Amino acid sequence: MIEEVQEEAPAEFSFPPSAPVLYEDIQEAQKKRKETGIKELNQVLGGGVVQGSLVLIGGEPGIGKSTLLLQISRDFAAQGEKVLYVSGEESLEQIKLRGERLGIRNEKLYLLAETNLERVLLQAEQLSPQMLILDSVQSVFSSKLTSSPGTISQVREVAHQLFRFAKKNNIPCFLIGHITKEGSLAGPKSLEHMVDVVLYFEGERDHNYRLLRAFKNRFGPVSEIAIFEMGNRGLQVVSNPSAFFLKERPTHEAGSVVICTIKGTRPLLAEIQALVSATLFVGNPRRMTIGLDHFRSSMLMAVIEKKLGYSFAGEDIYLNVAGGLSINEPAADLGVLLAVVSSLKNKAVPQDVAVFGEVGLSGEIRSVSHPMPRMNEARSLGFKTVILPEGNKASLEKENIANMKLMGVGHIKQAFQIIF
Ligand code: TYD
Ligand code: MG
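Residue numbers 491 to 910, in our numbering, belong to the letters of the sequence shown in order.
In structure tokens:
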């Protein structure tokens with residue numbers, strides 16, 4: 491329960507009244523975009539950040555939001571643009587300390603440590619920067635309201651005023667919002683409808699990689715992702731994510747299968763790991779999944795038991811996606827099944843085989859979207875054989891595919907015959 495105190499709405503309708511306009515009289519304004527120094531980030535934004543747009547970047551504390559935005563600021567400032575970075579959380583010295591690690595030189599980057607929104611905007615009006623960053627929405631408050639910073643009414647007011655500032659001055663504004671694992675700290679979530687673009691920065695604490703994805707974008711697609719690695723000089727783009735996630739794959743070990751998955755619009759190879767071992771909990775064996783949907787995995791186990799006659803009644807099953815990735819698409823099904831059976835039989839899946847395909851309840855293997863990019867990704871990482879749904883293979887038949895053996899399967903039995 492979060493208390494929301496009813497506030498007097500600030501009576502401030504200083505906009506000129508607008509009148510209806512005929513559709514065909516409206517001029518299509520090409521939105522001007524600015525490119526950040528990070529190509530992958532530009533893609534996530536739909537080709538750069540749009541002038542006059544408000545971008546919310548959400549993520550857990552410590553994930554690297556301030557680092558990312560300081561890097562963006564650095565790159566813009568290096569192009570000779572005036573950037574104002576406002577922090578309500580850290581002192582100027584702290585920000586500078588981070589800046590040193592990021593290699594910021596004497597650029598036109600202005601810092602301001604301030605928590606009062608009206609004062610922030612006053613300073614911004616005076617400086618008239620070409621980009622404004624506010625870190626974070628929870629630490630800044632408007633003196634129009636009496637509630638404390640971080641409450642819903644405050645974060646909304648802050649976002650609202652910043653939105654108007656962005657439109658009025660026609661500059662891009664970035665707003666940072668902390669989100670906890672439970673999605674609580676209701677603030678930033680309740681801002682999603684108010685801003686132009688919502689980006690989420692995700693990752694596991696114990697892993698160095700970070701995933702940036704668009705959740706909403708009024709000026710572009712929401713399917714792109716960018717993968718970064720946190721190093722000691724800030725965030726570096728991972729330009730070959732598949733190689734990154736496969737680099738510590740065990741060789742010739744049972745229970746490990748490489749799948750071709752899609753994250754956003756980007757194909758990605760990932761390693762599914764399974765461990766099947768005799769249970770100590772007779773009658774109630776363990777089923778653990780990390781990075782995969784638990785219910786879907788249970789369903790797949792039932793399919794193997796029923797259709798292939800294996801029994802897991804006395805076995806614990808642990809499933810994991812290596813590297814802390816999480817995969818949420820049915821195309822991973824076939825890989826999950828193969829990994830489980832590989833571990834059960836203690837027989838390794840050949841090293842140069844990658845798989846994808848959805849599995850239905852009858853054990854049939856169903857086509858998935860984007861077979862070509864999946865297959866290409868496997869080929870570019872040196873895989874020699876791809877096991878894929880028959881339907882997808884048929885659609886690839888017309889293409890000219892060199893150096894790759896495609897094996898179409900219509901039922902899980904066929905896939906098991908090929909591998910084991
Ligand atoms: P930060 O950007 O402060 O996170 P957020 O603003 O999302 O709360 O960065 C958090 C972590 O990143 C911090 O624990 C230190 C680490 N870090 C590095 O590992 N290398 C670096 O170069 C920088 C700047 C930070
Ligand atoms: Mg921060």
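We treat Cβ as the ideally placed atom computed from N, Cα and C, and that holds for glycine.
Small disclaimer: the values here were computed from a predicted structure and weren't measured.
I'd like the list of long-range same chain contacts for residue i, defined as Cβ closer than 8 Å, with 5 residues on each side in sequence excluded.
i           : result
residue 772 : 804
residue 508 : none
Quick one: what does DSSP say residue i is sitting in, helix, strand or coil?
i           : result
residue 778 : strand
residue 791 : helix
residue 562 : helix
residue 707 : strand
residue 622 : strand
residue 751 : strand
residue 580 : coil
residue 721 : strand
residue 914 : This structure cannot settle anything about residue 914, because the visible part of the chain is limited to 491 through 910.
residue 726 : strand
residue 881 : helix
residue 531 : helix
residue 739 : coil
residue 598 : coil
residue 608 : helix
residue 800 : coil
The alpha helix (DSSP H) with residue i in it runs from where to where?
i           : result
residue 757 : Premise fails: residue 757 lies in the beta strand (DSSP E), 756-768, not in any alpha helix (DSSP H).
residue 823 : 823-835
residue 650 : 642-659
residue 866 : 861-870
Does residue i come within less than 7 Å of chain D when only Cβ atoms are used?
i           : result
residue 846 : No chain D is part of this structure, which consists of one protein chain only.
Would residue i and residue j qualify as a contact pair, given that the criterion is a beta-carbon distance under 7 Å?
i           : j           : result
residue 698 : residue 763 : no
residue 691 : residue 681 : no
residue 617 : residue 592 : no
residue 552 : residue 630 : no
residue 865 : residue 876 : yes
residue 689 : residue 663 : no
residue 684 : residue 656 : no
residue 778 : residue 808 : yes
residue 531 : residue 716 : yes
residue 806 : residue 767 : yes
How about residue i: is its Cβ closer than 6 Å to a heavy atom in the ligand MG?
i           : result
residue 581 : no
residue 629 : no
residue 556 : yes
Leaving out five residues before and five after residue i in sequence, what residues of the same chain have Cβ atoms less than 6 Å from its Cβ?
i           : result
residue 686 : 543, 544 and 708
residue 524 : 538 and 539
residue 758 : 731, 732 and 751
residue 744 : 832, 833, 836, 837 and 838
residue 597 : 567 and 568
residue 712 : 704
Could you give the residue range of the beta strand (DSSP E) that holds residue i?
i           : result
residue 851 : Residue 851 -> no beta strand (DSSP E), and no H or E assigned at all.
residue 546 : 544-549
residue 691 : 687-692
residue 592 : No beta strand (DSSP E) holds residue 592; DSSP gives it neither H nor E.
residue 664 : 663-668
residue 513 : Element bounds for residue 513: n/a, residue is neither H nor E.
residue 806 : 805-811
Return yes when at least one heavy atom of the ligand TYD lies under 6 Å from the C-beta of residue i, else no.
i           : result
residue 553 : yes
residue 722 : yes
residue 591 : yes
residue 695 : no
residue 703 : no
residue 588 : yes
Among residues of its own chain, excluding the 5 on either side of residue i, which ones have a beta-carbon nearer than 7 Å to its beta-carbon?
i           : result
residue 869 : 893 and 894
residue 632 : 607, 608, 644, 647, 648 and 651
Just to check, is the beta-carbon of residue i closer than 6 Å to a non-hydrogen atom of the ligand PLP?
i           : result
residue 564 : This structure simply doesn't include the ligand PLP; it includes the ligand TYD and the ligand MG instead.
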